[in-house]
Every structure is written in structure tokens, then in C-alpha cells.
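In the numbering used here, the protein residues as written are 36 to 106.
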């Protein structure tokens, strides 16, 4: 699962408001977890960023792994 899947789902909404979405990271990370929950997390974050942005705005997301935690 990667954050790009969420972006693909929300691209039509961003396009209607002419909002650009940029996602970057400090490397390639592998995340293990509930795929549906992670997709919902990214989708909710991006959806809110689009919804509460100005028309023709820009959303930039950057993420990095600070500490590896195993539960």
C-alpha cells in the first residue's frame, strides 16, 4: 500500500478545485498494517487538505520514518 493509491482516488476532487498534490519522502518505506485502515488514513488526510484549501491551491505532504516500532 502506498499513499499514491489515495491520491489516485482523490484526483478528480483536486482537479475540480484546480489543486495540486505533491507527496515526497526521505526514502522508500515499507509499512505493514491493515491495508484498508492505512488507505483510509491517507485518504482522509488528503481529502481534508483538498476540502479546506483554496481553489488553485497546493497541498504538499512529506513523511519520514523516525523510529521503527513493532507491536
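The beta carbon of each residue, even a glycine, is placed where N, CA and C say it ideally should be.
Query                                                                                                                   : Result
Nonlocal neighbours in the same chain, by C-beta distance under 7 Å from residue 44, ignoring five residues either side : 78
Start-to-end residues for the beta strand (DSSP E) that takes in residue 89                                             : Counting along the chain, residue 89 falls outside any beta strand (DSSP E), and DSSP gives it neither H nor E.
Residue 36 versus residue 55 - alpha carbon distance                                                                    : Confidence at residue 36 is low in this model, with a pLDDT of 46, below 50, so the placement of that residue should be treated as unreliable; the coordinate-derived value is given next. About 22 Å.
Inter-residue Cα distance where the pair is residue 88 and residue 94                                                   : 8 Å
Boundaries of the beta strand (DSSP E) in which residue 58 is found, first to last residue                              : 55-60
Alpha carbon of residue 73 to alpha carbon of residue 80, nearest angstrom                                              : 11 Å
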